[in-house]
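Visitor: Following this message is one structure expressed as C-alpha cells.
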Amino acid sequence: MSNYIVLVKQVPDVTQITGNALDPETGTLKRGVLPSVINKLDTDALAFASKMRQISPGKIVCLTMGPPMAKDILIYSLTRCADSAVLLTDKALGGADTPATANPLAYAIRRIVRDMFSGNDDYAVIAGMQSVDGDTAQVPPQVAEELQIPCIAYATDVEFIDDKFRIKKIVAGGNQWVIPKTFPYVITIANYEYPLFASFQRSRWANKFTVTNWSAEDIKPTLFGANGSKTRVIRVFPPPKSARKNKQIFTIDEFVTELMMDYKKGGFHSAFETEGTDYVLPSKRAGDPFNRDYEFTDKEMTLFKKVAQALSKLGVIDVHQLHESLVDKIQELLGEKTPKRMILEMFEGYKITQPAYAGDVWVIAEHDGEKTIDVTSELLGKANSLAKSLQVKVGAVIAGHTCRHMSDGLVAAGADDVHVIEDELLKEFRPVPYRKVIAEVIEKHNPQIVLFGATPQGRVLAPMVAYRLGCGLTADCTGLDIRDNTRRGAIAILMQTRPALGGNVMATICTINSQIQMATARPGVMKRMKPEPSRKGNIIEHRAALSESDIDFDIVSTELSGGSAKLTTADVIVSGGKGLRNRDTYNKLVSDLSIALQEKLHCQVERGASRAAVEHGFIDRIHQVGQTGTAVSPKLYIALGISGAIQHLIGIENAGIIVAVNSDPQAPIFKHSDYYIIGNAEEIVPKIIEALR
44 MSNYIVLVKQ
54 VPDVTQITGN
64 ALDPETGTLK
74 RGVLPSVINK
84 LDTDALAFAS
94 KMRQISPGKI
104 VCLTMGPPMA
114 KDILIYSLTR
124 CADSAVLLTD
134 KALGGADTPA
144 TANPLAYAIR
154 RIVRDMFSGN
164 DDYAVIAGMQ
174 SVDGDTAQVP
184 PQVAEELQIP
194 CIAYATDVEF
204 IDDKFRIKKI
214 VAGGNQWVIP
224 KTFPYVITIA
234 NYEYPLFASF
244 QRSRWANKFT
254 VTNWSAEDIK
264 PTLFGANGSK
274 TRVIRVFPPP
284 KSARKNKQIF
294 TIDEFVTELM
304 MDYKKGGFHS
314 AFETEGTDYV
324 LPSKRAGDPF
334 NRDYEFTDKE
344 MTLFKKVAQA
354 LSKLGVIDVH
364 QLHESLVDKI
374 QELLGEKTPK
384 RMILEMFEGY
394 KITQPAYAGD
404 VWVIAEHDGE
414 KTIDVTSELL
424 GKANSLAKSL
434 QVKVGAVIAG
444 HTCRHMSDGL
454 VAAGADDVHV
464 IEDELLKEFR
474 PVPYRKVIAE
484 VIEKHNPQIV
494 LFGATPQGRV
504 LAPMVAYRLG
514 CGLTADCTGL
524 DIRDNTRRGA
534 IAILMQTRPA
544 LGGNVMATIC
554 TINSQIQMAT
564 ARPGVMKRMK
574 PEPSRKGNII
584 EHRAALSESD
594 IDFDIVSTEL
604 SGGSAKLTTA
614 DVIVSGGKGL
624 RNRDTYNKLV
634 SDLSIALQEK
644 LHCQVERGAS
654 RAAVEHGFID
664 RIHQVGQTGT
674 AVSPKLYIAL
684 GISGAIQHLI
694 GIENAGIIVA
704 VNSDPQAPIF
714 KHSDYYIIGN
724 AEEIVPKIIE
734 ALR
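Mind the numbering: the sequence shown is residues 44 to 736 in our numbering, read in order.
Shown next, in the form of C-alpha cells:
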C-alpha cells in the first residue's frame, strides 16, 4: 500500500490571452482579466496518481500553495480522485521564486506525512512537469532536493510488476523504464492523456469537504516569500513584436511561389538573443567617473546621463565630492520630480566600482556518451562573451563514465579549463549522482556564473544543483548580458531574460542572496564560436565520491531510436502531429513532402514530429521537436496536423519560416506561423507537392 501527494497549481488561462489582457507599458498580466484554472499538466498528474492508486491502493492528498481562491482547484481535484486536500496560504508566502516555493511545499509534505500518513514514508509526490505561467520546471526537482529524495522526471506511464512500480520516462531520443529503489520519491509528468471526470456524487461530496488550511506558522519553512527568494524580477516587458507574417493561404500555387522566394532570401530573424554592446567594468571605463552607460534599462541610463550632466554643471568631477547638499541643486537642474531618495541611491552607487561577484564563468557540458551536444557549444560561445566583459576565464564541467576524450572539443569551443568527472556510476544520467558530483566541483571552485542547457536533462539537474548550493536559478533564458544596477549597488551582474506566461511576456531577472548566478539557456538561441582546434586549455580531473547508495533508481530498459535525426543542422524540417491520425498517413505525407522539398531546394530535409505524434507511435522519439524533444532552428519548418502546444512552439520559435497546415481554425500554431492553411493535410499536402514539381 502506497500513498500519493499531488502538487497542483492555480494558473491564469493563458490560452485566452488577448491584447487587452496585458498592460501595454509593462507587459504584466492585468489581474482579473483571465480566468484561473488548474494547470493542465497537474491534471495529468492527478490522472497518473489515480492510476498508481488503482494498482497499489492508498490515499491521494492534493497540495497547493496560493491565495484563498486557490481552494477552487482543490475542489476540482477532490471531484476527480483526491481523498483529501491541503491549501497552503499566507501573505508571508507571497512573492516567492522557485526555491522559496519548493521549500514551503516540502515542509507541508513533511507535515502531511506526519499527520495524514502516520509517518509512513511509503509515498510518492507527483506533479506536472511545469506550470504554464512560469514554464520553469524547477519546483518539483527542488522539492525533491529539499526532501533529499529521488526525482524521476518526464514520466508518461506506470506499471506495477513484482510489487514494484515501473515508471516510463522520456530520455533524449527515446524512452526509459525505471524502478525507484526506495520510497519516497518525486515524479514529474510530461504527458498522461487519460482524463478524469467528475461524477455528480463526488462533486456533491467535494463541495462539502473541509479543505485543510495551513499558514507559514503551521509548517515553519526555512525559505519563503520575497525575502527567502534567490532571484528578483527587475523588469517585465512585452515580447518583441513577431516578425511572423501570419498570412492565411487560399491559393496553393501562389503560396509555393512566394514561399520559394522567401526561402531563397533567407533573412532569419530571431525574436531573442541579439548582439549587444560589450560590457566594460567601471574600473576600465575611460574618462568620466560618472559614466553609467551599462545600466540594465534604457530608462536608468538616461537618468544617470542627466544626473552626470547636472553634476558637470555644478563643477563636480570626483565621486568623493558627492554630498546630500547637492541633491536640491540637481533636482532644480533636472527640472523634473526625481525623488531625493533616488538621487542619494545614485550617489552611493557611483562610489561602487567592484563587481558584485568574483570567479570564472562556467558551462555544464551535456553529451551523448560520444560527443557533446550542440547547446554546450552555444553556451561556451556565450560564456566567452560574458567572461571577456568580466575579464575572467571560461570553465566547463563534463561528467560521465568515460568523457575525458571530449575535453579537447570543449577547449576548441571556448573553454579555458575543463573539469572532468569520470565514474562508472555516471554511465547513465540519474539526477542524484550527477547533482552530487557537479555541485561538489562548483562548491570547490566557486565560479560566479554557471550555465546549463535548457534541455530535458538540464531542466532537472540545474534546479537540484542550485537548491543544493543555495543559489538562484533562472530557467529557459533567451538573453544573458552583464549589466549594472547601480542604484542597488550591484555592479557587473548577470541579467537573465526569459519568456513567461506562454511567451506572452518577457522578464529580466537577476540573482540575489546567492554567491553564484545560475541560468539555463534555450538551445538554438546563443551564438557559438567557430571551433579553434589549436586552442590550449587546462584539463582538471576530479574524483567522484559515489557509491551504490547514490543510485536512486534502477534502469530496466532504454528504448532508443535505431536511426538518427539531424534536426539541429537541417535546412528544412517537415513535422507531423496527432492530426495526421495514424502512422501510415504520417509516413506518406511527411515523407512525400520531404522528398519534394529536397528535390526542389537541394538541401538537407529532416522529418520531425510533435510529442503527441511520438506518443501515438507515428515515429521514433529521436524525431520529436519541442521542449522535451529537440529545439530547432531550420530555415523552413512545416507543421502538418500540429495544433501548437506551448512546449512545441518553444522548440520552433527560432525557425526562419514557419508554415502550418491544420483543419482547426483556432489552432494556436497559426498565430506563430508565417503562412497557414486551414484544411485537411491529406488534401493540402498533395497540392503543395504538385506545385513544387
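From the three backbone atoms N, C-alpha and C, an ideal C-beta is built for every residue, glycine too.
1. Mind reading off the beta-carbon distance from Thr396 to Ile534? Whole number of angstroms is fine, and I expect it under 8 Å.
2. Tell me whether Gln291 sits in a helix, a strand or coil according to DSSP, three-state version.
3. Have a look at Ala241, Ala196, Thr231 and flag the residue whose alpha-carbon is nearest the alpha-carbon of Leu121.
4. Since Thr141 and Thr179 are thought to touch, with beta carbons under 8 Å apart, how far apart are those beta carbons, to the nearest angstrom?
5. What residue does the beta strand (DSSP E) around Pro183 start on, and which one ends it?
6. Hey, would you say Asn268 sits closer than 8 Å to Ala151, going by beta carbons?
7. Determine the direct distance from the alpha carbon of Ala439 to that of Val461, and round the result to whole angstroms.
8. Tell me whether His666 is buried or exposed, calling it buried when 16 or more other Cβ atoms sit within 10 Å of its Cβ.
9. With 16 other CB atoms within 10 Å as the buried threshold, where does Gln59 fall?
10. Can you have a look at Gly452 and say buried or exposed, based on whether 16 or more other CB atoms are within 10 angstroms of its CB?
11. Along the chain, where does the beta strand (DSSP E) containing Arg650 start, and where does it finish?
12. For Gln560, which of helix, strand or coil comes out of DSSP?
13. Out of curiosity, what's the CA-to-CA distance linking Ile373 and Ala88?
14. List the whole-angstrom C-beta distance separating His444 from Glu467, where the pair is believed to meet the contact cut-off of C-beta under 8 Å.
15. Measuring alpha carbon to alpha carbon, tell me which of Lys251, Lys134, Gln539, Ile555 ends up nearest Arg272.
16. Which two residues bound the contiguous beta strand (DSSP E) that contains Met108?
17. Can you grab the Cα-Cα spacing for the pair Asp126 / Val104, in whole Å?
18. With a threshold of 7 Å on Cβ separation, who are the neighbours of Ala724 within its own chain once the five nearest residues in sequence on each side are excluded?
19. Considering just the uninterrupted stretch of the alpha helix (DSSP H) at Glu409, what are its terminal residues?
20. Just list the residues that DSSP pairs Cys520 with in beta bridges.
21. Please go through the stretch 609-674 and give each complete alpha helix (DSSP H) segment of 4 or more residues, from N-terminal end onward.
22. Anyone know if the C-beta pair for Gly699 and Val675 falls short of 8 Å?
23. With a cut-off of 8 Å, do at least 3 Cβ pairs link the stretch 641-651 to the stretch 610-617?
24. Does the stretch 289-299 touch the stretch 724-734, meaning 3 or more C-beta pairs lie closer than 8 Å?
25. Is Arg736 helix, strand or coil when you go by DSSP?
26. Hey, out of Glu602, Lys307, Gly109, Ile360, whose CA is closest to Asp331's CA?
27. Going by C-alpha to C-alpha distance, which of Leu429, Gln539, Ala456, Val49 sits closest to Glu575?
28. Can you give me the Cβ contacts of Tyr680 inside the same chain, cut-off strictly under 6 Å, excluding the 5 residues immediately before and after it?
29. If you pair each beta-carbon of the stretch 705-714 with each one of the stretch 557-571, do three or more pairs fall below 8 Å?
30. Please return the same chain residues whose Cβ sits closer than 6 Å to the Cβ of Gly162, not counting the five positions on each side in sequence.
31. Looking at Tyr393: is its Cβ nearer than 8 Å to the Cβ of Leu365?
32. How about the stretch 175-193 and the stretch 511-531: do they share at least three Cβ pairs that are nearer than 8 Å?
33. Would you call the CB atoms of Gln53 and Gly109 closer than 8 Å?
34. Ignoring anything shorter than 4 residues, give me the alpha helix (DSSP H) runs that lie fully in the stretch 414-495, in order along the chain.
35. So within the stretch 156-240, which uninterrupted alpha helix (DSSP H) runs reach at least 4 residues, ignoring any that extend past its ends?
36. Based on DSSP bridge pairs, tell me the residues matched to Gln53.
Guide: So, from the listed chains and residues:
1. About 7 Å separates the two Cβ atoms, so the contact holds.
2. Strand.
3. Ala241
4. 6 Å
5. Per DSSP, Pro183 belongs to no beta strand (DSSP E); it is in the alpha helix (DSSP H), 182-190.
6. One detail in the question is off: residue 268 reads as Gly in this sequence, not Asn. Cβ distance not < 8 Å, so Gly268 and Ala151 don't count as in contact.
7. 5 Å
8. With a 10 Å radius around the Cβ and a threshold of 16 neighbouring Cβ atoms, His666 comes out buried.
9. Its Cβ having fewer than 16 others within 10 Å, Gln59 is exposed.
10. buried
11. Arg650: member of the beta strand (DSSP E) spanning 648-652, first to last residue.
12. strand
13. 58 Å
14. 6 Å
15. A quick correction: the sequence has Ser, not Arg, at residue 272. Taking only the C-alpha atoms, the option nearest Ser272 is Ile555.
16. Segment 103-108, the beta strand (DSSP E) holding Met108.
17. Using only the alpha carbons, I get a separation of about 6 Å.
18. Gly622, Leu623, Leu632, Leu683, Gly684, Val704
19. Careful: Glu409 lies outside any alpha helix (DSSP H) and carries neither H nor E.
20. Ala564
21. 626-644, 654-658
22. Their beta carbons are not under 8 Å apart, which means Gly699 does not touch Val675 by this criterion.
23. yes
24. yes
25. coil
26. Ile360
27. Ala456
28. Ile616, Ile695, Ala698, Ile701
29. Not touching, per the Cβ criterion.
30. none
31. Judged by beta-carbon spacing, Leu365 lies within the 8 Å limit of Tyr393, meaning their Cβ atoms are closer than that value.
32. yes
33. Yes; because the gap between Cβ atoms is below 8 Å, this pair is in contact.
34. 417-433, 450-455, 474-488
35. 182-190
36. Ile81
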